[in-house]
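The block underneath contains the structure these notes are about, expressed in C-alpha cells.
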Amino acid sequence: MAYYSYLISFALDPVQSGFICRNLPNYKQFKGLNAFNEYFDMLKPGTGAKSIPDVWPGYYRIALVQFQSRDLPQVLEEKVKPLRPKLTSGPIQEPLFKTSKMDISPECFRFGEECLKESMALYMTHSSKLTFGTALEEIRRRINPETWIMIPEEELHMVIHLYGRRLTWQQVEENHIPASVMAHPIEFYQTRLEIIPSRNAAKWSYEETGDLWRLGVTTLGGYCSGCWHRIRRKEWRGVCPACMQYERVKPVWSVSISSSPDSSKDSNSNRTTMEPPLDLSSLRLEKQLPSNNNFDSP
Ligand SMILES: [Zn+2]
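The sequence shown begins at 42 in this note's numbering and counts up by one.
Right under this line is the structure:
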C-alpha cells in the first residue's frame, strides 16, 4: 500500500501581503511579484543579489512538519475539516515572523524534485504569542500519520534559492549578503497555516480517483499539461516557460493569521480566520506574472 507525503507549513505570500524592512528608509514595504528580488537588490545593488530568490512567489513557506500517511488527500481533508486550533495566546501587535539570518537550508522540502544541494534560506524567529505546538499535536492525533518529522524550532526557515543557476553560496558570502540580511531583517504580519499534499500525492490521487489537487499546469509525460510545450524533467521549476502558467498544489486544510504592524490599528490585529483550501485569487496572479521575471531568463 502506498504512502503519501504531506507538508504542514506557514505559507508566506509576498504578492498579496508583502513584508516590511524597518532598517531601510521610510519603513520600506515590499509587496507584489518579485518582492524578494527587489529586497535583495536593495541590499546589495550590482552584485547579482537580485537573482538569488528563484523560488516562485506562490511557494514561499516555513515548513514545520513533513509526514506520510496512507490517506489520499480527499480522505485526509475529511479528517482535518473540523479542526479549529487556537494559534495565538492573545492580541499580536508585533511581526508573526522575522528573519534572523541567511544561511544554507538544512534540508530540501520539495519531495524529491530536482533541486540544489546547497539551497539558501532565510531563517525565522516567530512571535512568542504565535503558538502552534498544540495545533500540530491536534493535527497529528487526528490523522495518525505513518511518519512525522518535525523541524526543530531553531531551524525554522523559508527557502529562497532552490535551483542555483546563478550565484553560489560562496559568491553570496563573498559579497557579504548574509551580513546585510542580518542588518536589515524583514517582518511578516500575515501567514497561513496549511497542510499540503506533495506533488506526487496530488498526481497519484488524480490517477487513482480523478480528484484534482492541483491548480494551473504541471508536466505530463514530458510536456506542459496546459500548452504541450516540451519540458525535460530536470527543467521543470513549477512554471511553464512557454505559457507562463504555474503549478500549485491545493492545501487540504488552511487557516489564516494576521497581526498589525501599527499598534493603533489593534482592533484589526490578531485575526484568525478559517479559509477554504482553494485560493483562486492567487491563481489569477500567477497567470499575470510578467514574462521578464527571473524565472525564464537564461
Ligand atoms: Zn505551458
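Beta carbons: idealized from backbone N, C-alpha and C, even for Gly.
Notebook entry, point to check: Ordered along the chain, which non-local residues of its own chain (more than five positions away) have a Cβ less than 6 Å from that of residue 219?
Noted result: By one-based count along the sequence shown, residue 219 stands at place 178. Same-chain partners within the cutoff: 143.
Margin query: Measuring only from the beta carbon, is residue 162 closer than 8 Å to any heavy atom that is part of ligand 1?
Written below: Walking along the sequence shown from the start, residue 162 turns up at place 121. Result no, Cβ not under 8 Å from ligand 1.
Item checked: Residue nearest to residue 282 in terms of C-alpha spacing, selected from 97, 291, 109, 174 -> Counting from 1 along the sequence shown, the entry for residue 282 is found at position 241. The shortest C-alpha separation from residue 282 is found at 97.
Check: Going by the beta-carbon positions, is the gap between residue 236 and residue 49 smaller than 9 Å?
Finding: Taking the sequence shown and counting its residues from 1, one reaches residue 236 at position 195. Taking the sequence shown and counting its residues from 1, one reaches residue 49 at position 8. Yes, these two residues count as a Cβ contact at 9 Å.
Note to self: Can you determine whether any heavy atom of ligand 1 sits closer than 8 Å to the C-beta of residue 267, and answer yes or no?
What the structure shows: As a first step, residue 267 must be located in the sequence shown, where it is residue number 226. Yes, the beta carbon of residue 267 sits closer than 8 Å to at least one heavy atom of ligand 1.
Next item on the list: Please name the residue in 69, 214, 130, 287 whose C-alpha comes closest to that of residue 168.
Entry: As a position in the sequence shown, residue 168 is number 127, starting the count at 1. The option with the nearest alpha carbon to residue 168 is 130.
Check: Using the beta-carbon count (16 or more within 10 Å), is residue 86 buried or exposed?
Finding: Within the sequence shown, numbered from 1, the residue matching residue 86 stands at position 45. Exposed: under 16 other Cβ atoms inside 10 Å.
Next item on the list: Return the chain-ordered list of same chain residues with a C-beta closer than 7 Å to the C-beta of residue 172, the five sequence neighbours on each side being excluded.
Entry: Taking the sequence shown and counting its residues from 1, the one referred to as residue 172 is at position 131. For residue 172, where only same-chain residues beyond five positions count, the Cβ hits under 7 Å are 128, 129, 130.
Note to self: So residue 84 and residue 230 are supposed to be a Cβ contact under 8 Å. How far apart are they, rounded?
What the structure shows: Counted from its first residue, the sequence shown places residue 84 at position 43. Counted from its first residue, the sequence shown places residue 230 at position 189. With 8 Å as the limit, residue 84 and residue 230 do not qualify as a contact, their Cβ atoms being about 21 Å apart.
Item checked: Residue nearest to residue 161 in terms of C-alpha spacing, selected from 206, 132, 280 -> To locate residue 161, count along the sequence shown from 1; it is residue 120. Closest by alpha carbon: 206.
Margin query: Just list the residues that DSSP pairs residue 286 with in beta bridges.
Written below: Walking along the sequence shown from the start, residue 286 turns up at place 245. Bridge partners of residue 286: none, in fact.
Next item on the list: Drop a sphere of 10 angstroms on the beta-carbon of residue 203, count the other beta-carbons inside from all chains shown, and report buried for 16 or more, exposed for fewer.
Entry: As a working note, residue 203 is residue 162 in the sequence shown. Label assigned to residue 203: buried.
Notebook entry, point to check: Once you ignore the five residues that flank residue 197 on each side, which residues in its own chain have a CB closer than 6 Å to its CB?
Noted result: Counting from one through the sequence shown, the residue named residue 197 turns up at place 156. Hits under 6 Å: 103, 165.
Note to self: Taking its Cβ as the centre, do 16 or more other Cβ atoms sit within 10 Å of residue 101, making it buried, or is it exposed?
What the structure shows: Residue 101 sits at position 60 when you count from the first residue of the sequence shown. Classification of residue 101: buried, given that the 10 Å Cβ count is 16 or more.
Check: Does the pairing of the region 189-196 with the region 113-123 give three or more beta-carbon distances under 8 Å?
Finding: no
Next item on the list: Examine ligand 1 and report whether any of its heavy atoms sits within less than 8 Å of the Cβ of residue 134.
Entry: As a working mapping, residue 134 is identified with position 93 in the sequence shown. The answer is no for residue 134.
Notebook entry, point to check: Is residue 107 near ligand 1, going by C-beta to nearest heavy atom under 8 Å?
Noted result: Here residue 107 refers to the residue found at position 66 of the sequence shown. Flag unset: Cβ of residue 107 not near ligand 1.
Notebook entry, point to check: How is residue 306 classed by DSSP in three states: helix, strand or coil?
Noted result: Indexing the sequence shown from 1 puts residue 306 at position 265. With a pLDDT of only 46 at residue 306, under 50, the local geometry of the prediction cannot be trusted, and no value is derived from it.
Checklist line | The beta strand (DSSP E) enclosing residue 129, as first and last residue numbers | finding: For the purposes of this step, residue 129 is taken as the residue at position 88 of the sequence shown. Element bounds for residue 129: n/a, residue is neither H nor E.
Notebook entry, point to check: How should residue 368 be labelled, buried or exposed, when 16 other C-beta atoms within 10 angstroms of its C-beta is the threshold for buried?
Noted result: Not covered by the structure: residue 368. The range shown for the chain is 42 to 339.
Notebook entry, point to check: Which ranges would you report for the alpha helix (DSSP H) in the region 199-271 if only whole runs of at least 4 residues count?
Noted result: The region 199-271 contains these whole alpha helix (DSSP H) runs: 210-215, 218-224, 240-250.
Next item on the list: Could you please give the first and the last residue of the uninterrupted alpha helix (DSSP H) stretch that includes residue 81?
Entry: Residue 81 sits at position 40 when you count from the first residue of the sequence shown. Segment 76-84, the alpha helix (DSSP H) holding residue 81.
Check: With respect to 8 Å, is the separation between the Cβ of residue 258 and the closest non-hydrogen atom of ligand 1 below this value?
Finding: The residue labelled residue 258 in the question sits at position 217 within the sequence shown. Yes, the Cβ of residue 258 comes within 8 Å of a heavy atom of ligand 1.
Checklist line | Closer than 8 Å: residue 62 CB and nearest ligand 1 heavy atom | finding: Here residue 62 refers to the residue found at position 21 of the sequence shown. It does not: the Cβ of residue 62 is nowhere closer than 8 Å to a heavy atom of ligand 1.
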